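Take any residue in the sequence shown, note its place counting from 1, add 6, and you have its number in the working numbering.
Heads up, the beta-carbon is just placed ideally off N, CA and C, and yes, glycines get one too.
Here the structure is a predicted model, which is why all the values come from computation and not from measurement.
Worksheet for the structure shown next.
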Amino acid sequence: MMRALVLGGTGAIGGAAALRLAQRGWDVEVTGRDASRLPPELTAAGVRFHRVDRGDTEGIGRLADGGPDLLLDVLAYTASDVRSLVPVMRDAGSVVVISSRAVYTDAHGNHVNSDEPPRFAGPIREDHPTVPPATGDVDPFSREGYAPSKAAVERAVLDSGLPVTVIRPSKVHGRWARNPRTRAFVAPMLRREPTLRLADRGMSVDHLTAASNTAALIEVVAGRPGARILNSADPDTPTAADIPTAIALELSWDGELELLEPHVTAGDHPWLTRYPIVLDISAATSLGYQPVGLGVDLLREEVRWLVGGSAADRAQQRGPGSPAQADHPGRLTRPGRPSRAADPPRPTTPGRLTRPGRPSRGGQGGRPRASAPGGPPSRWDRRPAAPAAPPGRCALPTRGQRSAVL
Ligand SMILES: NC(=O)c1ccc[n+]([C@@H]2O[C@H](COP(=O)([O-])OP(=O)(O)OC[C@H]3O[C@@H](n4cnc5c(N)ncnc54)[C@H](OP(=O)(O)O)[C@@H]3O)[C@@H](O)[C@H]2O)c1
C-alpha cells in the first residue's frame, strides 16, 4: 500500500490531498496542532492524525521512518523549514512543498503584497520572474515578508538537489480552509441582506485554486517525482461578480449584486485586484494533471461546508415545498450610465443583468466557460483592466490596512 505523510493535513490543501489519496487506497497520516480539527470525512476515510508541530523535526522524522511514498509539506515558510527537513525528504519517494503565486513580480518588481499592485501581461508561467529570496530575519507571516520567505523556501528546495516538486497555488478555496474567503459573501447572504455591492463593476479577476484541484495535481506528482515548480489554479478564470453569483446559487440568495463604478470607494471583497492575476497551468496539465472541476463550481463546496449542508439539505430542513435552489441567484445591477463598448461584464453564471431604466436582459445564463487548461483565459484580451481609481479615491486598501495576500 502506498503511504503518504501530510504536514498540515487538516486544512484546505492538506485535507483535500489526504482525502483524495485515502479514497484511492493510500495509507495516509496527517499532522496538525489540534486533533479536534481533523475533518470527520478524513477519519471516515481512514486518515490518521498526529499532533506534531511543524517545528518538531524529530517528531516528523519519527513519523516518516521508513520513507513515505509521498511527503507533502503544506507548512514550509522559511528556508530553514526546508533545510531541517532535507534528511526526511531524502527518504521519501516523492516530495511536494507548497509555495505561492505571491512570489511573482511584474516588470516593475511589484507583487501581490506590494503597495503598487502588480500588472502582468498575461497568464503567468512558472519561469516568470519572482521576488528575491528573503535573507536574514524576515517575518514570513507579514505582508512584506511572505513572498520573499516563500521564494527562499523555493530556493532551498531547489538547492537540496532532491526531486522535490514546488506547487504555487493562487487564491485557495475549499472545505476546511482556515481562511474561507467565501465567508465575505456567505455571511450577508445568510442574513438575507437585499443588496451586496461589488467594487470595480465586479470585473476583476484573481485566479482561484480549488484545494481539490491542487489535490489532483499532488496525486499526479506523487507518481512522477521530479525537481520542478508547478502553478496550480482552476481551469476557469471567473470574474469577481461570478463568485458571489455562484455563492448566491448555493444559498438561494435572491438579492441584488450592485456593480459599482471603478472610482467608487466601496464594495471591497477578497478577490479585488486592479489588474487580472491568472496563472498558466499548462506545465501541470502536460504532466497529466486533470482538474476535477471548475473553480466556480468547486467554490460551492466551501460554501456548503461553511453553512453545514447542501441547498437540498437546507430546503428539506425548511420543510416540504421549499425550493432547493432559486432558479436564479439574484440580480446584478449597475448604476445607469452611458454604455461603453469595452465594458462587458457579461455574467457567465446564471442570473440576470439589469440596469435601472432598461429592460432586463434574460438569456445570459449558463455555466462559465472554461478556458482550455493551461491556455490563455478566453476573456483576457476582451476585458481590459479597470482603469486606476483617481488619486484619493483608490478602492484598494492602503499599506498597513491589509495582511499578506497568499
Ligand atoms: N490559502 C491561500 O489562499 C494560499 C494561497 C497560496 C499559497 N498558500 C500556501 O498554502 C499553504 C497553506 O495551505 P492551506 O491554505 O490549505 O492551509 P490552512 O487551511 O490554513 O491549513 C493549515 C494546516 O496546517 C496545520 N498547521 C498550521 N500551523 C501548524 C504548525 N505550526 N504545526 C503543525 N501543523 C500546523 C493546520 O492545523 P492546526 O491548525 O491544527 O495546526 C492545518 O492542518 C501555505 O504554505 C500557504 O503559504 C495558501
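Backbone secondary structure at residue i - three-state DSSP
i    : result
L265 : strand
T291 : helix
E64  : helix
N219 : helix
A23  : helix
T355 : With a pLDDT of 35 at T355, under the threshold of 50, the predicted position of this residue should be treated as unreliable, and no value is reported.
F55  : strand
A127 : coil
L196 : helix
G38  : strand
R385 : In this predicted model, R385 has a pLDDT of only 37, less than 50, meaning its place in the structure is not dependable; the value taken from the coordinates is given anyway. Coil, per DSSP.
V298 : coil
R161 : helix
T111 : coil
P91  : Sequence check: residue 91 is Leu here, not Pro. Helix at L91.
V103 : strand
Contact test: residue i Cβ vs ligand 1 heavy atom, cutoff 7 Å
i    : result
R306 : no
G15  : yes
L81  : yes
W311 : no
T37  : yes
N6   : The chain is shown from 7 up to 412; residue 6 falls before or after that span and cannot be answered.
P175 : yes
V163 : no
D242 : no
I235 : no
A183 : yes
A18  : yes
D286 : no
R43  : yes
R107 : yes
D59  : yes
V172 : no
I104 : yes
D143 : no
V227 : no
Beta carbon of residue i nearer than 8 Å to that of residue j
i    : j    : result
A239 : I287 : yes
I283 : V159 : no
S166 : V102 : no
A272 : A205 : yes
P82  : Y152 : The sequence given here has Ala at residue 82, not Pro. The answer is no: Cβ separation not under 8 Å.
T245 : M195 : no
G14  : G38  : yes
N219 : L304 : yes
W259 : G21  : no
G261 : T171 : no
T84  : P139 : no
Beta-carbon separation (whole angstroms), residue i vs residue j, contact threshold 8 Å
i    : j    : result
R306 : A252 : 6 Å
R26  : A290 : No, R26 and A290 are not in contact; Cβ-Cβ is about 15 Å, not under 8 Å.
A70  : R57  : About 16 Å; that fails the 8 Å criterion.
V137 : A157 : 5 Å
L78  : I235 : The pair is not a contact, with the Cβ atoms about 16 Å apart (cut-off 8 Å).
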